[in-house]
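Trainee:
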Amino acid sequence: MRMHSVFMGHIERLRRLVVAMGLSAEEGQDVLQDVYVAAVKGPAKYCSEQQAWRWLMRVTANRCLLEFRRRKRHSRAASEVVKQWSESAREAPEPDKQAIAAEEVETMMQCLRQMDESLQVPLAMRYFCDLNSTEIGEIMDLEPGTVRKRLYKGRIMLADALLRKGIEA
Amino acid sequence: MNEHSCRIVSKEDLVAYADGELPQSESERIAEHIATCPDCKALSQALERSLQVTQAIWRTGEAQWPKAHSFDKVRWNGLRLKEAVAVAAGVLLLLGVGAIWRLLSEPSEPTGKIADEAKIAELRFKIAESGHAAQLLAAAELLSRYPGSKSSVEERYRHIVETYPDTAAAAKAKLKMQ
Chain A
23 MRMHSVFMGH IERLRRLVVA MGLSAEEGQD VLQDVYVAAV KGPAKYCSEQ
73 QAWRWLMRVT ANRCLLEFRR RKRHSRAASE VVKQWSESAR EAPEPDKQAI
123 AAEEVETMMQ CLRQMDESLQ VPLAMRYFCD LNSTEIGEIM DLEPGTVRKR
173 LYKGRIMLAD ALLRKGIEA
Chain B
450 MNEHSCRIVS KEDLVAYADG ELPQSESERI AEHIATCPDC KALSQALERS
500 LQVTQAIWRT GEAQWPKAHS FDKVRWNGLR LKEAVAVAAG VLLLLGVGAI
550 WRLLSEPSEP TGKIADEAKI AELRFKIAES GHAAQLLAAA ELLSRYPGSK
600 SSVEERYRHI VETYPDTAAA AKAKLKMQ
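If you read the sequences in order, they're chains A and B. In this text, residue positions in the first sequence follow the numbering used here: the first is 23, and each later residue adds one. In this text, residue positions in the second sequence follow the numbering used here: the first is 450, and each later residue adds one.
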């Protein structure tokens, strides 16, 4: 089954996209399950693997957007993120730094929740799925220049949110 | 958005610099400028930090996923097909045992009303109805485990009550709806 192998070959990126869009693991698995079914049942009009995986990324992004409208996203606790983050750091941060980090996490999650979908999808693809502007443009049917503008807007929104809070970067 | 008052380096350039997308000479020029411009320094640090924090949020989400997940199990309305088939098989097994027991407990020489073909057909129909209702109830109960399925589950309970009113499953569904 060709679509099965394409799907499984790109599962890490698909999963990252779902995660970066703010869905929980449980919701995300449901989304990928649906995408998988759509992929294997879909018409075999995707002549190359490249086109097939672009289709998978686009369908996954759209499916996440549908979920957004129904559910609260980025709802995990800031302390949970800081804990996980500290564990992956070489040295455990001091308590005051952890408190600042928790505030930063809360600020970023709030910003992501409010961010327009048209900015959030390219941000997730660029900074978590490691795709470049051209690849994102091919998936989303946009010019690379448009993708770069959206990435710029998203990055400035996130940075501004930190600056507004007066958090020392 | 916060005002970026520097007239030498634009915000676009700072984002491109932060992302390492500028030619080396341009990147060096901006790095030198950032060292002397507080406005650009603040934005540059905020760009870097905000991305670090956002990626930490994403990584935490990723860490909560199970190590392996099989996607090749087709789901039926939120349930794995395997689960639905298992429920159906269980119900059919129970029905089969019930039907055999009834046949065995009937007199070998059919006499009286019970031997009447119409009655047997009615009995069979009722058994089949109970089976269908029980199957639907089991599926609705499984579905109810999934978040966001409340309205769909209630609809199924209502369907059971309305379509199979005289079954045990309908009575249970009624209780669930209360």
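We treat Cβ as the ideally placed atom computed from N, Cα and C, and that holds for glycine. As the structure is a computational prediction, the values presented were derived from the model and not from experiment.
In the DSSP assignment, the alpha helix (DSSP H) including V28/A goes from what residue to what residue?
Mentor: Unbroken alpha helix (DSSP H) run through V28/A: 24-31.
Trainee: List the residues of chain A that R508/B touches, going by C-beta distances under 9 Å, in chain order.
Mentor: Within chain A, the residues near R508/B are V41, V103, Q106, W107, S110, F150.
Trainee: Can you tell me whether DSSP reads G64/A as helix, strand or coil?
Mentor: Coil.
Trainee: Find the nearest neighbour of M137/A within the set A183/A, S110/A, M30/A, judged by alpha-carbon distance.
Mentor: Nearest of A183/A, S110/A, M30/A to M137/A, Cα basis: A183/A.
Trainee: Compute the Euclidean distance between the alpha carbons of A465/B and S601/B, then round it to the nearest angstrom.
Mentor: If I take the Cα positions, the gap works out to 48 Å.
Trainee: Please state whether DSSP places E71/A in a helix, a strand or coil.
Mentor: E71/A: helix per DSSP, three-state reduction.
Trainee: Taking 6 Å as the limit between beta carbons, can you name the residues of its chain near D468/B, skipping five residues before and five after?
Mentor: Nothing meets the Cβ criterion.
Trainee: Rounded to the nearest angstrom, how far is the Cβ of A589/B from that of Y606/B, given a contact under 8 Å?
Mentor: That belief holds up - the Cβ atoms of A589/B and Y606/B are roughly 6 Å apart, short of 8 Å.
Trainee: Are the CB atoms of P144/A and I158/A nearer to each other than 8 Å?
Mentor: It is a contact, given that the beta carbons lie within the stated cut-off.
Trainee: Is there contact between the stretch 81-93 of chain A and the stretch 45-55 of chain A, where contact requires at least three CB pairs shorter than 8 Å?
Mentor: Taking 8 Å as the limit for Cβ pairs, the verdict is that the stretch 45-55 of chain A does touch the stretch 81-93 of chain A.
Trainee: Would you report the Cα separation of L36/A and M25/A, rounded to the nearest angstrom?
Mentor: Each residue's alpha carbon lies about 14 Å from the other.
Trainee: If F150/A sits next to Q504/B, beta carbons under 8 Å apart, how far is it from one beta carbon to the other, in whole angstroms?
Mentor: Right, the Cβ-Cβ distance comes to about 7 Å (below 8 Å), so this counts as a contact.
Trainee: Step through the CB atoms of chain A and report whether any lies within less than 8 Å of the CB of L664/B.
Mentor: In the structure displayed, chain B extends from 450 to 627; residue 664/B sits before or after that span and is not available.
Trainee: Can you tell me whether L543/B is buried or exposed, with buried defined as 16 or more other CB within 10 angstroms of its CB?
Mentor: Per the 10 Å Cβ criterion, exposed.
Trainee: Using the C-alpha atoms, what's the distance from V169/A back to K175/A?
Mentor: Taking the straight line joining both Cα atoms gives about 10 Å.
Trainee: Once DSSP output is grouped into helix, strand and coil, what is the label at Q513/B?
Mentor: Q513/B: coil per DSSP, three-state reduction.
Trainee: For a contact meaning CB atoms closer than 7 Å, what does S454/B contact in chain A?
Mentor: Those within 7 Å of S454/B in chain A number zero; the least Cβ separation is about 13 Å.
Trainee: Listing by chain order, which chain A residues have their CB less than 8 Å from the CB of V464/B?
Mentor: L173, Y174, R177, I178, listed in chain order.
Trainee: List, in order along the chain, the chain A residues whose C-beta lies closer than 8 Å to that of Q504/B?
Mentor: Within 8 Å Cβ-Cβ: Y149, F150.
Trainee: Under 8 Å between beta-carbons, which chain B residues line up against G188/A? List them in chain order, please.
Mentor: The premise fails here: G188/A is roughly 11 Å from chain B at the closest Cβ pair, so nothing lies under 8 Å.
Trainee: Please report how far the alpha carbon of M43/A lies from the alpha carbon of Q473/B, in whole angstroms.
Mentor: Answer to the nearest angstrom: the Cα atoms are 33 Å apart.
Trainee: Can you name the start and end residues of the alpha helix (DSSP H) that T168/A belongs to?
Mentor: T168/A -> alpha helix (DSSP H) spans 166-187.
Trainee: Taking Cβ positions only, does R498/B come closer than 8 Å to chain A?
Mentor: With 8 Å as the cut-off, R498/B counts as an interface residue toward chain A.
Trainee: In terms of residue numbering, what span does the alpha helix (DSSP H) encompassing S600/B cover?
Mentor: Segment 599-612, the alpha helix (DSSP H) holding S600/B.
Trainee: Report the rounded CA-to-CA distance for Q132/A versus E126/A, giving the unit in angstroms.
Mentor: Rounded to whole angstroms, Q132/A to E126/A spans 10 Å at the Cα level.
Trainee: Here's the rule I'm using: 16 or more other beta-carbon atoms within 10 Å means buried, otherwise exposed. How should L492/B be labelled?
Mentor: So L492/B ends up on the buried side.
Trainee: In chain B, what lies closer than 9 Å to M130/A by C-beta?
Mentor: S499, V502, T503, A505, I506, listed in chain order.
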